[in-house]
Amino acid sequence: MSILCSLCNDYSGSEKWYAALRNFAVGKKRTDALAKETASRLAWLDISLPQRSVMDIKNNVVNIYKMIKNKEISLPPFSATSMLPSILNGGKDFSRWTEIDDLLYATIRVPLEAVLGKDGVGVADCAVAESKFEKGEDVSARMLHLVSHLSEIQQTGTPDMEFAVVGLLARNLVDMGRAEDAKRSMESVRKRFAENGNERFLPNMDAMLCRIELKKGNADSAEEWYRDKAPKDILKLNVLKRCQYFTQAMTEIARGDYPSVLLTLAQLEPYCDICHRYLDMLHLNVLKAAAKFKMNDEEWKVDFSAALDIAFEFNYIRPISGYGAVGLVLLDGCGWNKDEKYKEKLFRAARKQAVYYPDFLKFKSNDISESLTSAEMQVLRLLCADKSNAEIGEILDIKLTTVKSHVSHVLQKLGVKRRSAAKKAAEEMRLL
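For the sequence shown, this note's numbering gives the first residue as -16, with consecutive numbering after it.
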């Protein structure tokens, strides 16, 4: 009940059930089987609950490791990634650990891997590689090491860890300008997971493939994912779909549907705040800023500056630079000036990505929609609703000759000759 409440964003309920379990253990002998089971589940919750601080987990891991060695508890299995292609931003956000990643790797790698069991195979190496990656460092050697141990993860670890490693590999390849190689890697692991019945990972894999297509400027492929696979359940937040929600927002920016971006991200904001999801909040603020920028809402500067504050706090580079040309536009005009050397580092990294992927989320102005007058847009909407000229005139209360004039102008501006062709053109241009 504690973990289920947490997944349903009922954090007070989650803590209530945790307290009930803790109270249940009071007065029981440590040698009692039920006391051991209760202690095991409390330890599991101490690590797993999304609202718990990761800095507390650091101490808990060492204590839990000692209890496991002394056979005082045995942990139920759990995923360190929540089916996401990340350790650093998977089941929890471990940004706080990145500030001392080398020290943590040296001191708690062994107990952490022991506590996590099968999920611990490769977890420390993947986590430190991802930490260095987000901070803009060259992780080629670390990725070679991880890939060379991938068969070990496949045989003795879990699919969760394999997806985390391949996800990091794909992101690193994209950052190097090798999006096609990243796509092949992700398609390969997707095919294997599908064949092995690990279908729970497929929606997030498809979201990652959509992001790669967006990088390459393949609007049709992204549109297909958006139409057929994007969650679009904005009124009921499922935190396990975070990767998909962010991909949905990116696709909506590429489509020019900026108000939908804000709707898609709205429910994620309180979750990110309560559960200390720094990386998610960073991306959320960048995407909000991009949408508001295009909507001529000056509030975009506040959002983007908030994203930069998070990035600067943890010395992150790639969460900002990965937005390429869009990131450059926002960086150039936001007015953030806390550290010029850091900002210039972001500029250099973003320019590199803009060269690799010049069409990624590119701010495109729709010349057709801008050239259509408001009256012509009204006529186009009714025309696409299969209304006759007479019906259009009646709805808009205008003369038939005026309707015909508007229809003629609409067809001319769309570059078509027939009403049926106008409807198809309007759909392809996403005018409605």
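The beta carbon of each residue, even a glycine, is placed where N, CA and C say it ideally should be.
Asked: Straight-line gap, S348 to K166 (C-alpha atoms, nearest Å); Found: Low confidence applies to S348: its pLDDT is 48, below 50, so where it sits in the model is not reliable enough to give any reading.
Asked: G318 and K284 closer than 8 Å at C-beta; Found: yes
Asked: Three or more C-beta pairs below 8 Å linking the segment 169 to 182 and the segment 136 to 153; Found: yes
Asked: Through-space distance from C(-12) to L220, alpha-carbon basis; Found: 13 Å
Asked: Local Cβ density within 10 Å of M264, reported as buried at 16 or more and exposed below that; Found: buried
Asked: Rounded straight-line distance, which links the Cα of D39 to that of S(-15); Found: 18 Å
Asked: Backbone CA spacing between Q361 and R210 [nearest angstrom]; Found: 25 Å
Asked: Within the segment 340 to 408, ranges of the alpha helix (DSSP H) (whole runs, at least 4 residues); Found: 350 to 354, 357 to 367, 372 to 379, 383 to 397
Asked: A404 classed as buried or exposed, judged by whether at least 16 other C-beta atoms fall within 10 angstroms; Found: exposed
Asked: Beta-carbon proximity list for S(-3), same chain, < 6 Å, skipping 5 on both sides; Found: S(-15), C(-12), S(-11)
Asked: Reference A232, options D203, R260, H266, closest by Cα; Found: H266
Asked: Uninterrupted alpha helix (DSSP H) stretches inside the segment 28 to 116 (no shorter than 4 residues); Found: 37 to 52, 78 to 81, 84 to 99
Asked: Beta carbon of P242 nearer than 8 Å to that of Q227; Found: no
Asked: Inter-stretch contact (C-beta, 8 Å, three-pair minimum) for the segment 79 to 95 and the segment 103 to 111; Found: yes
Asked: Beta-carbon proximity list for K406, same chain, < 6 Å, skipping 5 on both sides; Found: C367
Asked: DSSP-derived helix/strand/coil call for L(-13); Found: helix
Asked: Collapsed DSSP secondary structure at G(-4) in the structure displayed; Found: helix
Asked: Through-space distance from L394 to K400, alpha-carbon basis; Found: 6 Å
Asked: Backbone secondary structure at N268 - three-state DSSP; Found: helix
Asked: Cα-Cα separation between L156 and G307, rounded to whole angstroms; Found: 15 Å
Asked: Range of the contiguous alpha helix (DSSP H) that encloses V149; Found: 142 to 158
Asked: D256, buried or exposed, once every other Cβ within 10 Å from all chains shown has been counted against 16; Found: exposed
Asked: Status (buried if at least 16 other CB within 10 Å, exposed otherwise) for V45; Found: exposed
Asked: Touching by the beta-carbon criterion (3+ pairs, under 8 Å), the segment 79 to 92 and the segment 52 to 69; Found: no
Asked: Runs of alpha helix (DSSP H) lying entirely within the segment 282 to 350, each at least 4 residues, in chain order; Found: 283 to 297, 301 to 304, 307 to 316, 323 to 339
Asked: T247 versus R225, I217, I236, residue with shortest Cα-Cα distance; Found: I217
Asked: Nearest residue (CA-CA) to K275, options E182, G239, Y299; Found: G239
Asked: Between the CA atoms of T21 and V9 - distance to the nearest angstrom; Found: 10 Å
Asked: Sequence-distant residues of its chain with Cβ nearer than 8 Å to L129 (five each side left out); Found: G105, D108, C109, A112, V148, L151, L152
Asked: Nearest to E252 (by Cα), restricted to the options A289, N279, E281, E410; Found: A289
Asked: Selection from P33, P59, V222 that minimises the alpha carbon distance to S23; Found: P59
Asked: Rounded separation between K328 and G316 - CA only; Found: 16 Å
Asked: From L133, F61, S123, residue whose alpha carbon lies closest to that of D102; Found: F61
Asked: Span separating the alpha-carbon of A408 from that of L397; Found: 7 Å
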